[in-house]
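J.: Take this structure first; my questions come after.
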Amino acid sequence: MTATSALSSRPEHAARQHWIGVLSRTRRADLLTHEPALRDAEYQLIRAPEIGMTLVRGRMGGSGAPFNVGEMSVTRCVVRLADGRTGYSYLAGRDKAHAELAALADAHLQGAQQAHWMRELIEPLAQAQAASRSRQQAETAATKVDFFTLVRGEN
Amino acid sequence: MSTTSVSATAASAHLLQPAFADPVLDAQRSFRAALKALAGPGIAQSLLSAQIPPHLEGLASASHALCLALLDIDTPLWLAPKFDTQAIRANLTFHCGCPIVSDRQNARFALLDDSQLHDLSGFDLGNDRYPDQSCTLLIQLPSLQGGRQVAFQGPGIETKNHVSLPLQEAFWEERESRNDFPRGIDVFFLAGSELMGLPRSTQVAFKPVLSKGGA
Chain P
18 MTATSALSSR PEHAARQHWI GVLSRTRRAD LLTHEPALRD AEYQLIRAPE IGMTLVRGRM
78 GGSGAPFNVG EMSVTRCVVR LADGRTGYSY LAGRDKAHAE LAALADAHLQ GAQQAHWMRE
138 LIEPLAQAQA ASRSRQQAET AATKVDFFTL VRGEN
Chain V
1300 MSTTSVSATA ASAHLLQPAF ADPVLDAQRS FRAALKALAG PGIAQSLLSA QIPPHLEGLA
1360 SASHALCLAL LDIDTPLWLA PKFDTQAIRA NLTFHCGCPI VSDRQNARFA LLDDSQLHDL
1420 SGFDLGNDRY PDQSCTLLIQ LPSLQGGRQV AFQGPGIETK NHVSLPLQEA FWEERESRND
1480 FPRGIDVFFL AGSELMGLPR STQVAFKPVL SKGGA
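Protein chains in written order, with our numbering: chain P, 18 to 172; chain V, 1300 to 1514.
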């Protein structure tokens, strides 16, 4: 999920990466409030929600040599609306209903109603996620300790 | 699937359709049928209608089921021109993740129709150390009957299995010329929801009157 920046050269890709990123960070309850609207369309499951594993890799300090952190469970789903728009989702965890709703949201967001869905769904979620992230960072920052070395007395 | 392939497949996304209703069990049932077909050469195996994937234009249901069961990211696939359609490419790439190659030598599986059977050159026959690395042919036919009768003999067959696959003489000659045990090619014949196996270990005997030394 961090490798997306290399592909964001095209604006429509960047926009889709943004909303897929927001959807991937949602909790199930966030999408459940929109469930009736999301399901209010004819659609078929191209790939029914399925649970699998993916390897998470990291770099020490963000720039060191890559190492394998471990495996995590992911759930993915692909839906297609009656008009041919195809929505994809990849979510951490094992919640199939959540993955289906996220895929539906991706499909709806590619259509004529994009502005509506951005306003109703993505932007409030993005703001809430940004707020909770900055709250988390503030809490963490409050515990930060700056160590400094006193001049050592030599006598 | 990585982000790269999502954007690569976006153009063909409208061609995608669902595959097996139960991806795990249906693939296992199809694999089991393929196993039985190779273990008993010449005996047709049928796939149950419940385990057959939705119709994909150009593919018989047995061909489609076997592709979904056998192909994955490690099995490059070669497509005969008849099957090289956008819909087949898009769906097999999406559901199996298999690379589709244009060079026969690199293929682990090949999907052929009956117009290709006079020339089986280029397919990997494996090597003496790893005969299992050969290319397996999936041959889609209009029917598993209606051709000249031949007798299969060999491992998995008690005496003889008589089959009358609608195949030209050239196919048997091609197969014979590439059979250098343990190297060789294994074949599945597919028609409708039925399949029949022809492993490299099977000897094919023609009726004595018409014998051309095929055995």
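From the three backbone atoms N, C-alpha and C, an ideal C-beta is built for every residue, glycine too. From a predicted model like this one, the values you see are computed outputs, not experimental measurements.
Just tell me which of P:Gln154, P:Gln144, P:Leu167, P:Thr160 has its CA closest to the CA of P:His35.
T.: Out of P:Gln154, P:Gln144, P:Leu167, P:Thr160, P:Gln144 has the C-alpha closest to the C-alpha of P:His35.
J.: In chain P, which residues lie less than 7 Å from V:Ala1312 when you measure between Cβ atoms?
T.: Correct list: Thr103.
J.: I'd like to confirm the pairing. Which residues does DSSP put opposite V:Ile1484 in its beta bridges?
T.: Answer by DSSP bridge pairing: none, since V:Ile1484 is not bridged.
J.: Quick check on the DSSP output: the alpha helix (DSSP H) that includes V:Pro1322 runs from which residue to which?
T.: Residues 1322 to 1338.
J.: Please list the terminal residues of the continuous alpha helix (DSSP H) segment that includes P:Ala32.
T.: Element bounds for P:Ala32: 28 to 41.
J.: Less than 8 Å between the CB atoms is what I'm expecting for V:Leu1378 and V:Ile1351, so what's the real figure, rounded?
T.: About 21 Å separates the two Cβ atoms, so there is no contact after all.
J.: Out of P:Phe164, P:Leu55, P:Arg44, P:Thr50, state which residue places its alpha-carbon closest to the alpha-carbon of P:Ala120.
T.: For P:Ala120, the nearest C-alpha among the options comes from P:Leu55.
J.: Check whether chain P comes within 8 Å of V:Leu1358, counting only Cβ atoms and requiring the distance to be less than that.
T.: No, no contact with chain P.
J.: Am I right that P:Ile68 and P:Thr92 are in contact with their C-beta atoms under 8 Å? What's the rounded C-beta distance?
T.: Contact flag correct, Cβ pair sits at about 5 Å.
J.: How many Å lie between P:Gln61 and P:Arg97 at the Cα?
T.: Going by the C-alpha atoms only, they are around 5 Å apart.
J.: Roughly how many angstroms separate the alpha carbons of V:His1313 and P:Leu138, rounded to a whole number?
T.: Using only the alpha carbons, I get a separation of about 25 Å.
J.: Could you have a look at V:Thr1302 and say whether DSSP puts it in helix, strand or coil?
T.: The predicted position of V:Thr1302 is uncertain, since its pLDDT is 39 and thus under 50; no value can be drawn from it.
J.: With distances taken between CB atoms, is the gap from V:Arg1403 to V:Gly1425 smaller than 8 Å?
T.: Going by C-beta atoms, V:Arg1403 is not nearer than 8 Å to V:Gly1425.
J.: Should the segment 154 to 163 of chain P be regarded as contacting the segment 74 to 81 of chain P, the criterion being three or more beta carbon pairs within less than 8 Å?
T.: Output reads no: the segment 74 to 81 of chain P does not touch the segment 154 to 163 of chain P.
J.: Is the Cβ of P:Glu137 closer than 8 Å to any Cβ of chain V?
T.: By this cut-off, P:Glu137 is not an interface position.
J.: Taking a Cβ distance cut-off of 8 Å, strictly less, list which residues of the segment 56 to 82 of chain P are near chain V, in chain order.
T.: Correct list: Gln61, Leu62, Ile63, Arg64, Ala65, Glu67.
J.: Compute the beta-carbon to beta-carbon distance between V:Lys1381 and V:Ser1360, rounded to the nearest angstrom, for a pair I have assumed lies under 8 Å.
T.: With 8 Å as the limit, V:Lys1381 and V:Ser1360 do not qualify as a contact, their Cβ atoms being about 17 Å apart.
J.: Quick check on V:Thr1392: buried or exposed, where buried means 16 or more other Cβ atoms within 10 Å of its Cβ?
T.: When all chains shown are included, V:Thr1392 counts as buried.
J.: For the putative contact between V:Arg1518 and V:Ser1433, defined by C-beta atoms under 8 Å, what is the C-beta separation to the nearest angstrom?
T.: Given that chain V is displayed from residue 1300 to residue 1514, the structure contains no residue 1518 of chain V and the question cannot be resolved.
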